[in-house]
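Beneath this line is the structure, given in structure tokens, with notes to follow.
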Amino acid sequence: MKCFYTGEDPDSTPIHILFRPDYEKWKSSQAKFVQNWLQATCFKAELNYPLCIPDSTGNLHSVLVIAEQENIIWTLGNCPHILPAGRYHIGDTADLLDKDPCLLGWGMGAYKFTGYKKDDHKTCRLSIDCVKDRVQIEALLDAVISVRDLVNTPASDMSPQLLYEYIQAVTKEFEIELKDVSGIKLLEENYPLTHAVGRASIHPPSFIEWNWGNNNHPKVVLIGKGVTFDTGGLDIKSAQGMRLMKKDMGGAAHAIGIAIAVMKLGLPVQLQVMIPAAENAISGNAYRPGDVLTSRCGKTIEIEDTDAEGRLILCDAVSKAAESSPDIIIDFATLTGAARVALGTEVPVFFTNDAAVAESLTTAAANVDDPVWQLPLHKPYRYLLDSNIADISNCSRSGFGGAITAALFLDEFVPDSVRWLHFDIMAWNTRNRAGRPKGGEAMGLRTVIKFLQQRYS
């Protein structure tokens, strides 16, 4: 929350937020030198882009930002990186009764990943005195920042063990039961697929789990794919395909971020978080195409492609989660390129076995301007995962419906009686946008938090 301040500051600069239809009326009410400045700068009322307006002496007088009502959250997202250092407050607004989305957008826009590069130390701070729900803003920002930091961190500093240490650090303020099963102990405690995927790495694979909340409340299980780096295994990726694979633990980052928000907000749930973590590396003991692995629940899996490893480690977690019959299982994974082909890099895909969950989630997404989109869990495509020698293949030889077949694979391990929600995400911004810098990104996170609040409040 370093990007905010509280208390009166006479030197604070006002930021005027206007909707485009109100711009001409506002302009005509301004002093002549302001109108001249707007004319001279050829201001075209560009959305979410701050215009600095000087006073008659040339000093900064105010800032103007044009907003759109559909995505009000991103109105101030560009400001922290564009405006000069100083303190600001929200001034004139047009029909903007709730300023919290703008505050949240400012906070997300102020994010910088500075672990390996010197910061420019430019500081823009916005007054948060107008906030309605500060706890909500802080919880969401902490969650988003955690996801971005985790995904942006190079794999050299994000092994399964270092991921566990990060979880230890961010959860120490809460009363939780944190457990880490690592290396050969994974076989002893029946997490065979996490062990198989990670055994070729010098960094031992782990199954990280924690529990929080009241056992009398509905049980919510969050699962995140924690592949800390993905070479593709023996079905090795190309250099280009491997370049961003530090983000292959983006699902784990989302589960951690959502869990942080749930705990900070004190939602009345019994929370269980599971992170199967492994590096999909290459060595003499790597698992092979054609191998048959036995899953936690006893189903056998023929390995069609070692690069379809994420769904394997998720099997351990989904099977473990189903054993306690929770109210809902939610998993996040950077699972398929097919989902990106279908919806591009900026809209996460979700699947669910419950129509009411889908409807509630879609409503939540619209309420918080955090888009998600449902793809069908089309059961007739299950034949694409048939194996001649095992219960199921880990992927289809066909190039069609890859996101759907990946979801259908996971669906095999979810009992019909358990609600299940599966996200196939990019976890990465390929370009800079207001409030969303290029790099690691939380996608669908605010939607899921809103969904959980609506479902369990």
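Read in order, the letters of the sequence shown correspond to residues 26 to 482 in the working numbering.
The beta carbon of each residue, even a glycine, is placed where N, CA and C say it ideally should be.
Values in this document were obtained by computation on a predicted structure and should not be read as measured data.
Could you name the residues of the same chain whose beta carbon sits closer than 6 angstroms to that of Met183, not counting the 5 residues immediately before and after it, in chain order?
-> Excluding residues within five positions, the ones whose Cβ falls inside 6 angstroms are Thr253.
Assuming Pro301 and Phe232 make a contact with CB atoms under 8 angstroms, what is their CB distance in whole Å?
-> The distance from the Cβ of Pro301 to that of Phe232 is about 5 angstroms, consistent with a contact at the 8 angstroms cut-off.
Can the beta-carbon of Ala367 be found less than 8 angstroms from the beta-carbon of Val374?
-> Contact flag set, yes.
Take every Cβ of the segment 211-227, pair it with every Cβ of the segment 275-283, and state whether three or more of those distances are shorter than 8 angstroms.
-> Contact fails: fewer than three Cβ-Cβ distances are below 8 angstroms.
Go through the segment 121-181 residue by residue and report every complete run of the alpha helix (DSSP H) that reaches 4 residues or more, in order.
-> 125-134, 159-177, all fully within the segment 121-181.
Look up Phe58 in the DSSP assignment and say whether it is helix, strand or coil.
-> For Phe58, the three-state secondary structure derived from DSSP is helix.
Any contact of the segment 65-74 with the segment 87-105, i.e. 3+ C-beta pairs under 8 angstroms?
-> In this structure the segment 65-74 touches the segment 87-105; the number of beta carbon pairs closer than 8 angstroms is three or more.
Beta-carbon proximity check, Ala346 vs Ile248, cutoff 8 angstroms | At a Cβ-Cβ threshold of 8 angstroms, Ala346 and Ile248 count as neighbours.
Do you know whose CA, among Pro109, Ile98, Asp144, Leu122, lies nearest Gly484's CA?
-> Residue 484 is absent from the structure shown; the chain starts at 26 and stops at 482.
State yes or no: is the C-beta of Phe438 within less than 8 angstroms of the C-beta of Val343?
-> Their beta carbons are under 8 angstroms apart, which means Phe438 touches Val343 by this criterion.
Local Cβ density within 10 Å of Phe376, reported as buried at 16 or more and exposed below that = Burial call: buried.
Expressed to the nearest angstrom, what Euclidean distance is found between the alpha-carbon atoms of Ile354 and Thr100?
-> The alpha-carbon atoms of Ile354 and Thr100 are separated by roughly 34 angstroms.
Use the C-beta contact count for Val160: other C-beta atoms within 10 angstroms, 16 or more gives buried, fewer gives exposed.
-> The residue is exposed, with fewer than 16 neighbouring Cβ atoms inside 10 Å.
Could you check if Met462 is buried or exposed, using at least 16 other CB atoms within 10 Å of its CB as the buried criterion?
-> Correcting the residue identity first, residue 462 is Pro in this sequence and not Met. Result: buried.
For Cys155, collect the residues of the same chain with a Cβ closer than 7 angstroms to its Cβ; drop the 5 residues on either side in sequence, then sort them by chain order.
-> Around Cys155: Ile115, Lys124.
Taking the Cβ atom as the reference point for each residue, do Arg336 and Ala431 lie within a distance shorter than 8 angstroms?
-> Result yes, Cβ atoms of Arg336 and Ala431 sit closer than 8 angstroms.
Work out the CA separation of Ala389 and Ala303 for me, nearest whole Å.
-> Their backbone Cα atoms lie some 32 angstroms apart in a straight line.
Which residue's Cα is closest to the Cα of Asp341: Asp332, Gly465, Ile326?
-> Among Asp332, Gly465, Ile326, the Cα nearest to that of Asp341 belongs to Ile326.
Just how far apart, CA to CA, sit Ala311 and Asp441?
-> Ala311 and Asp441: Cα-Cα distance of roughly 34 angstroms.
Indicate the three-state DSSP secondary structure (helix, strand or coil) for Ile450 in the structure shown.
-> Coil, per DSSP.
C-beta contact flag for Lys272 and Val176 at 8 angstroms | Yes, Cβ-Cβ distance for Lys272 and Val176 is below 8 angstroms.
Phe438 (DSSP reduced to helix, strand or coil) = Note: Phe438 maps to coil in three-state DSSP.
On the three-state DSSP scale, how would you describe Asn96?
-> Three-state result, Asn96: helix.
Going by the beta-carbon positions, is the gap between Gly102 and Gly460 smaller than 8 angstroms?
-> Against a cut-off of 8 angstroms, the Cβ pair of Gly460 and Gly102 comes out as a contact.
Exposed or buried, which one is Asn392 when buried takes at least 16 other CB atoms within 10 Å?
-> In the assembly as shown, Asn392 is an exposed residue. Its beta-carbon has fewer than 16 other beta-carbons within 10 Å.
If Leu121 and Ile162 are in contact, beta carbons under 8 angstroms, what's the gap, nearest whole angstrom?
-> With a Cβ gap of about 16 angstroms, Leu121 and Ile162 do not count as contacting.
Within 10 angstroms of its Cβ, does Arg471 collect 16 or more other Cβ (buried), or is it exposed?
-> Around the CB of Arg471, 16 or more other CB atoms lie within 10 Å, so the residue is classed as buried.
Check Thr38 in the structure and name its three-state DSSP category.
-> In the three-state DSSP reduction, Thr38 falls in the strand class (E or B).
Glu93 to Phe44, Cα distance in whole Å?
-> Cα-Cα distance, rounded: 6 angstroms.
Spatial neighbours of Thr455 in its chain, beta-carbon cut-off 6 angstroms, leaving aside the 5 residues before and after = Same-chain partners within the cutoff: Thr370.
On the DSSP bridge assignment, give the partners of Val245 in chain order.
-> Bridge partners of Val245: Leu296, Ile353.
Roughly how many angstroms lie between the CA atoms of Tyr408 and Ser418, to the nearest whole one?
-> Between the alpha carbons of Tyr408 and Ser418 lies a distance of about 10 angstroms.
Between the Cα of Phe357 and the Cα atoms of Asp80, Gly251, Ser37, which residue gives the shortest distance?
-> Among Asp80, Gly251, Ser37, the Cα nearest to that of Phe357 is on Gly251.
Per-residue burial, Glu384 [other beta carbons within 10 Å of its own, 16 or more giving buried] | In this structure Glu384 is exposed. Its beta-carbon is surrounded by fewer than 16 other beta-carbon atoms within 10 angstroms.
Candidates Met26, Lys289, Met267, Leu76: closest to Asn305 by CA position | Here the closest residue by C-alpha is Met267.
From the beta carbon of His114, is the nearest beta carbon of chain D less than 8 angstroms away?
-> In the structure shown, chain D does not exist; there is a single protein chain.
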